[in-house]
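A.B. asks: Sharing a structure, written as structure tokens. Questions coming.
There are 2 protein chains.
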Amino acid sequence: MSEAGLATGAARARASGVERAAIDAALEEFCGLFLDGLPAAVADAIRYSLLGEGKRLRPVLVLAAFEAAGGEGDASRLAAAVEVVHAYSLVHDDLPCMDDDDMRRGRATVHRVFGVAAATAAGLAMVPLAVRAALHGAELLGLDDVQVKRIVAELMRASGASGMIGGQLLDLEGEGRSLTLDELERIHRSKTGALIAAAVRIGGIAARADEARLTAFGEYGAAIGLAFQIADDVLDVTATTDVLGKTAGRDLVLKKSTYPALLGVEGANKRAAALVDDACTALARRGLLTAQLEGLARYVVARRN
Amino acid sequence: MSEAGLATGAARARASGVERAAIDAALEEFCGLFLDGLPAAVADAIRYSLLGEGKRLRPVLVLAAFEAAGGEGDASRLAAAVEVVHAYSLVHDDLPCMDDDDMRRGRATVHRVFGVAAATAAGLAMVPLAVRAALHGAELLGLDDVQVKRIVAELMRASGASGMIGGQLLDLEGEGRSLTLDELERIHRSKTGALIAAAVRIGGIAARADEARLTAFGEYGAAIGLAFQIADDVLDVTATTDVLGKTAGRDLVLKKSTYPALLGVEGANKRAAALVDDACTALARRGLLTAQLEGLARYVVARRN
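So the protein lines, in turn, are chains U and P. Counting from 23, one number per residue, gives the positions in the first sequence under the working numbering. Counting from 23, one number per residue, gives the positions in the second sequence under the working numbering.
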């Protein structure tokens with residue numbers, strides 16, 4: 023893929039200002055609907071976590087897949103529900119007992135602002151919140167109960183033991199020792215890949231895509247999810263904290279195994295580019311490769327933060 | 023209600039050995055199905071948390087309501103899914119940053135055996151696990167997707183901000199200062215009552231009960247949930263650690279407002295008994311008051327631990 027191709031893809035993906043606004047509005051709406059009954063500090067921590075900056079990659083992927091599969095209606099709340107799960111994972115990932123980070127998305131991490139107890143509690147409350155938000159989003163979209171059930175199952179599979187949480191814990195366990203490429207890939211496929219793949223599949227399910235198309239969405243999502251993580255590892259060694267919006271060089275400090283460490287920066291970039299090609303091929307075979315989905319795949323590796 | 027009536031009710035509720043065995047088997051099954059991808063210590067912590075002793079009150083309530091509403095089939099997995107949420111809440115409730123307790127159900131708390139990190143992670147992984155278990159249980163029961171959706175919504179509402187988590191946090195926030203009876207009731211209606219009410223309603227939903235009956239199940243559940251918490255407060259001051267299976271006198275140490283402190287032991291017992299009567303009346307009006315549901319309501323206040 024040429025540099026120019028990458029840049030165009032990235033520009034196209036960034037140009038989704040309308041979608042971003044709709045996602046942010048949905049996240050605001052969730053804060054109004056689902057935070058009742060929480061102590062003020064915890065509700066504030068959740069609001070801070072949901073309403074800050076962020077690439078909104080996962081919800082944009084939901085919307086892009088939804089559109090590619092011919093979905094009709096406003097899927098922004100359903101999309102935003104996936105972002106709630108992602109935001110929750112960031113809150114907990116940054117905690118002192120996990121990666122112990124002070125900065126995220128260009129500002130102080132949640133526990134640095136609201137304290138560890140409120141941040142931990144906020145994260146806990148965000149999983150049920152995400153499910154309720156997804157149910158709410160599915161209802162507004164007029165989905166059948168069969169789709170709703172599948173969407174919740176996707177979201178929970180991606181969030182739990184075999185997905186994000188399992189991956190985070192394996193990641194933590196792997197700190198300080200050398201992992202093989204296979205081990206590293208397994209961690210990242212669950213830690214980052216599962217939710218990204220679920221986002222794409224959820225968009226497809228909401229658009230009532232058939233099984234073959236859902237499989238293609240899953241393949242695309244898994245491939246760009248892994249590419250995303252490889253790019254993350256590369257950025258951690260090549261970008262500055264300022265551009266990154268989170269502390270650069272963190273992997274080295276935590277003695278984490280990374281793709282650049284195992285493959286070199288160039289090797290890692292090649293692997294990421296190959297995954298992006300695989301992702302696009304999977305969609306193209308099923309007539310699902312829209313300009314937006316291609317752009318998002320390219321953005322994942324071309325991004326600067 | 024007479025002492026004899028209480029004792030009979032308690033005996034009847036305890037006599038559900040077959041149901042308990044089915045629930046425990048379902049919890050075993052979940053451990054086999056849903057712990058893949060977790061580090062061994064975290065999987066072990068979840069297993070320990072799910073497979074120990076326990077009254078299994080919530081799943082027994084699911085089954086009792088299911089039967090009272092004429093449900094057909096084996097609802098044991100669906101019932102056990104509710105226990106997963108409860109078990110999760112106990113793991114986190116006992117953590118040093120929460121109630122900081124060493125003993126639960128007659129043995130060491132999860133974080134005392136597996137460490138705080140594994141216990142925290144175990145709790146996190148248990149929410150998605152509960153949802154997946156509920157979907158699994160609903161599927162085996164052959165429920166329609168409309169019921170499945172309602173069941174997941176009930177479970178998440180009871181687990182999140184407006185339910186268990188919100189209540190736990192308000193409880194924590196209230197430590198060390200005097201609460202009014204209204205404040206205390208609000209905490210316990212969300213902390214303990216929401217999941218107990220959800221358990222009863224979920225049994226009803228699974229049996230395809232109509233709205234009027236679901237309302238009655240909810241009223242029954244909310245009333246016995248509050249009665250349960252009042253009884254808990256009374257036991258904390260009147261029972262020994264040995265009988266209780268958890269540290270007695272803990273509320274005093276944590277300077278928690280309790281019902282006996284506000285109403286005296288006798289006043290608290292009276293309030294609990296009145297709630298049990300209310301609970302049974304709500305069901306009787308809709309022809310749902312089976313011997314088991316009456317027995318469970320009485321057991322809630324007559325129990326010794």
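Even glycine gets a Cβ: it sits at the ideal position worked out from N, Cα and C.
#1: Contact between the stretch 44 to 51 of chain U and the stretch 97 to 105 of chain U: three or more CB pairs below 8 Å?
#2: For a quick check, are the C-beta atoms of U/Arg208 and U/Gln169 less than 8 Å apart?
#3: Enumerate in chain order the residues of its own chain whose CB-to-CB distance from U/Cys53 is below 6 Å, with the five nearest sequence positions on each side excluded.
#4: Tell me whether the beta-carbon of P/Ala140 lies closer than 8 Å to the beta-carbon of P/Val64.
#5: Does any CB atom of chain P fall closer than 8 Å to the CB of U/Val332?
#6: What do you get for P/Ala29, buried or exposed, if any count of 16 or more other CB atoms within 10 angstroms of its CB means buried?
#7: Taking the alpha carbon of U/Glu105 as the point to measure from, which residue in U/Asp122, U/Lys77 and U/Asp193 has its own alpha carbon closest?
#8: Please list the partners that P/Cys119 has in chain U, where partner means a Cβ-to-Cβ separation under 8 Å.
#9: From the beta carbon of P/Ala33, is the nearest beta carbon of chain U less than 8 Å away?
#10: Over the uninterrupted alpha helix (DSSP H) stretch that includes P/Asn327, give me the two end residues.
#11: Select from U/Ile224, U/Gly145 and U/Asp124 the residue whose C-alpha is nearest the C-alpha of U/Ile173.
#12: Please list the segments of the alpha helix (DSSP H) lying wholly inside the stretch 205 to 291 of chain P, counting only runs of 4 or more residues, in order along the chain.
#13: Decide if U/Ser200 is buried, meaning its Cβ has at least 16 other Cβ atoms within 10 Å, or exposed.
#14: I think U/Val256 touches U/Ala290, with their Cβ atoms under 8 Å apart; what is that distance to the nearest whole Å?
#15: Mind checking which residues open and close the alpha helix (DSSP H) that includes U/Gly145?
#16: Measuring alpha carbon to alpha carbon, tell me which residue in P/Asp116, P/Leu55, P/Gly182 and P/Gly286 is nearest U/Gly59.
#17: How should U/Glu176 be labelled, buried or exposed, when 16 other C-beta atoms within 10 angstroms of its C-beta is the threshold for buried?
#18: Which residue spans inside the stretch 79 to 113 of chain P form an unbroken beta strand (DSSP E) run of at least 3?
#19: Grab me the residues of P/Leu206's own chain with a C-beta within less than 6 Å of its C-beta, minus the 5 sequence neighbours each way, in chain order.
#20: Among all the DSSP beta bridges, which residues are the ones paired with P/Met178?
#21: Roughly how many angstroms separate the alpha carbons of U/Ala220 and P/Tyr281, rounded to a whole number?
#22: For U/Glu195 and U/Met120, I'd like the C-alpha separation in whole angstroms.
#23: With distance defined between alpha-carbon atoms, name the residue in U/Ala87, U/Phe88, U/Arg42 and U/Leu85 nearest to U/Leu73.
#24: Output needed for P/Leu192: all residues of its chain with C-beta closer than 6 Å, excluding positions within five of it in sequence on either side, in chain order.
#25: Can you list, in chain order, the residues of its chain with a C-beta nearer than 8 Å to that of U/Gly240? Leave out the 5 residues immediately preceding and following it.
#26: Cα-Cα, which of P/Ala143, P/Leu162 and P/Leu217 is closest to U/Ile187?
#27: Are P/Ala90 and P/Leu310 close, meaning C-beta to C-beta below 8 Å?
#28: Does any C-beta atom of chain U lie closer than 8 Å to the C-beta of P/Val113?
#29: Taking only the alpha-carbon atoms, compute the straight-line gap between U/Arg129 and U/Arg80 and give it to the nearest angstrom.
#30: What residues of chain A sit near P/Met178, judged by a beta carbon separation below 7 Å?
#31: Starting from the Cα of U/Arg325, find the closest Cα among U/Asp232, U/Ala253, U/Asp66 and U/Lys213 and give me that residue.
#32: Whole angstroms are fine: how far does the CA of U/Val135 sit from the CA of P/Val84?
#33: Between P/Lys278 and chain U, is there a C-beta pair that is closer than 8 Å?
#34: So is U/Arg36 in contact with chain P if we call contact Cβ pairs under 8 Å?
#35: Would you say U/Lys171 faces chain P, with C-beta separation under 8 Å as the test?
C.D. replies: Short version:
#1: Between the stretch 44 to 51 of chain U and the stretch 97 to 105 of chain U there are three or more inter-stretch CB-CB distances shorter than 8 Å, so the stretches are counted as touching.
#2: Along the first sequence, read from residue 1 onward, the residue named residue 208 of chain U stands at position 186. Along the first sequence, read from residue 1 onward, the residue named residue 169 of chain U stands at position 147. Contact: no.
#3: Against the first sequence, residue 53 of chain U aligns to sequence position 31. Excluding five sequence positions before and after U/Cys53, the CB atoms of its chain that fall closer than 6 Å to its own CB belong to Arg69, given in chain order.
#4: Start at 1 with the first residue of the second sequence, and residue 140 of chain P comes out as number 118. Start at 1 with the first residue of the second sequence, and residue 64 of chain P comes out as number 42. A contact, by the Cβ cut-off of 8 Å.
#5: Residue 332 of chain U cannot be examined here, being either before or after the span of chain U that is shown, 23 to 327.
#6: By one-based count along the second sequence, residue 29 of chain P stands at place 7. Because P/Ala29 carries a pLDDT of 43, less than 50, the predicted location of this residue cannot be relied on, and the following value inherits that uncertainty. Classification of P/Ala29: exposed, given that the 10 Å Cβ count is below 16.
#7: The residue given as residue 105 of chain U occupies position 83 in the first sequence. Out of U/Asp122, U/Lys77 and U/Asp193, U/Lys77 has the C-alpha closest to the C-alpha of U/Glu105.
#8: Residue mapping note: residue 119 of chain P aligns to position 97 of the second sequence, counting from 1. Simply Val138, Ala139 and Thr142.
#9: Residue 33 of chain P sits at position 11 when you count from the first residue of the second sequence. The predicted model places P/Ala33 with a pLDDT of 42, which falls under 50 and marks its position as unreliable; any figure quoted below should be read in that light. Judged by the 8 Å Cβ criterion, P/Ala33 is not in contact with chain U.
#10: Walking along the second sequence from the start, residue 327 of chain P turns up at place 305. It is not in any alpha helix (DSSP H) - P/Asn327 carries neither H nor E in the DSSP assignment.
#11: Along the first sequence, read from residue 1 onward, the residue named residue 173 of chain U stands at position 151. Ranking the options by Cα distance to U/Ile173, first place goes to U/Ile224.
#12: With a minimum length of 4 residues, the unbroken runs of alpha helix (DSSP H) contained wholly in the stretch 205 to 291 of chain P fall at 216 to 228, 233 to 260, 263 to 266 and 272 to 275.
#13: In the first sequence, the residue the question calls residue 200 of chain U occupies position 178. With fewer than 16 Cβ atoms within 10 Å of its Cβ, U/Ser200 is classed as exposed.
#14: What you label residue 256 of chain U is simply residue 234 of the first sequence in a count that begins at 1. What you label residue 290 of chain U is simply residue 268 of the first sequence in a count that begins at 1. Yes, U/Val256 and U/Ala290 are in contact; Cβ-Cβ is about 5 Å, under 8 Å.
#15: Your numbering for residue 145 of chain U matches position 123 in the first sequence. For U/Gly145, the uninterrupted alpha helix (DSSP H) run begins and ends at Val138 to Leu162, by DSSP.
#16: Locating residue 59 of chain U in the first sequence gives position 37, counting from the first residue. When each option's Cα is compared against that of U/Gly59, the closest is P/Gly182.
#17: Stepping through the first sequence from its first residue, residue 176 of chain U is reached at position 154. That one is buried.
#18: Annotation: the stretch 79 to 113 of chain P contains no complete segment of the beta strand (DSSP E) (minimum length 3 residues).
#19: Mapped onto the second sequence, residue 206 of chain P falls at position 184. If we look at P/Leu206 and ignore the five residues flanking it on each side, its Cβ neighbours are Ser279.
#20: The sequence position of residue 178 of chain P within the second sequence is 156, counting from 1. Its beta-bridge partners do not exist; DSSP assigns none.
#21: As a first step, residue 220 of chain U is located in the first sequence; it is residue number 198 there, counting from the start. As a first step, residue 281 of chain P is located in the second sequence; it is residue number 259 there, counting from the start. Their Cα atoms are separated by approximately 46 Å.
#22: If you number the first sequence from 1, residue 195 of chain U lands on position 173. If you number the first sequence from 1, residue 120 of chain U lands on position 98. Each residue's alpha carbon lies about 10 Å from the other.
#23: Residue 73 of chain U sits at position 51 when you count from the first residue of the first sequence. With distances taken between Cα atoms, U/Leu73 lies closest to U/Arg42.
#24: Position 170 of the second sequence, counting from 1, holds the residue named residue 192 of chain P. Result list for P/Leu192: Ile209, in chain order.
#25: In the first sequence, residue 240 of chain U corresponds to position 218, counting from 1. Taking U/Gly240 as the centre and dropping the five residues before and after it, the same chain places the C-beta of Ala219, Val222 and Arg223 closer than 8 Å to its C-beta, in chain order.
#26: Position 165 of the first sequence, counting from 1, holds the residue named residue 187 of chain U. Residue P/Ala143 is the option with its Cα nearest to U/Ile187.
#27: Here residue 90 of chain P refers to the residue found at position 68 when the second sequence is read from its first residue. Here residue 310 of chain P refers to the residue found at position 288 when the second sequence is read from its first residue. Using a Cβ distance threshold of 8 Å, P/Ala90 and P/Leu310 count as a contacting pair.
#28: Translated into positions along the second sequence, residue 113 of chain P becomes position 91. Not one beta carbon of chain U lies nearer than 8 Å to the beta carbon of P/Val113.
#29: The residue you call residue 129 of chain U lines up with position 107 of the first sequence. The residue you call residue 80 of chain U lines up with position 58 of the first sequence. Whole-angstrom Cα-Cα distance: 21 Å.
#30: The chain inventory of the structure shown lacks chain A, comprising the protein chains U and P.
#31: If you number the first sequence from 1, residue 325 of chain U lands on position 303. For U/Arg325, the nearest C-alpha among the options comes from U/Ala253.
#32: Translated into positions along the second sequence, residue 84 of chain P becomes position 62. Translated into positions along the first sequence, residue 135 of chain U becomes position 113. Our two residues, P/Val84 and U/Val135, have alpha carbons roughly 41 Å apart in a direct line.
#33: Here residue 278 of chain P corresponds to residue number 256 of the second sequence, with the count starting at 1. Answer no: the Cβ-Cβ gap between P/Lys278 and chain U never drops below 8 Å.
#34: Counting from one through the first sequence, the residue named residue 36 of chain U turns up at place 14. Unreliable placement is indicated for U/Arg36, whose pLDDT of 46 sits below 50; the coordinate value is still reported in the next sentence. Answer no: the Cβ-Cβ gap between U/Arg36 and chain P never drops below 8 Å.
#35: Mapped onto the first sequence, residue 171 of chain U falls at position 149. Taking a beta-carbon distance threshold of 8 Å, U/Lys171 counts as an interface residue toward chain P.
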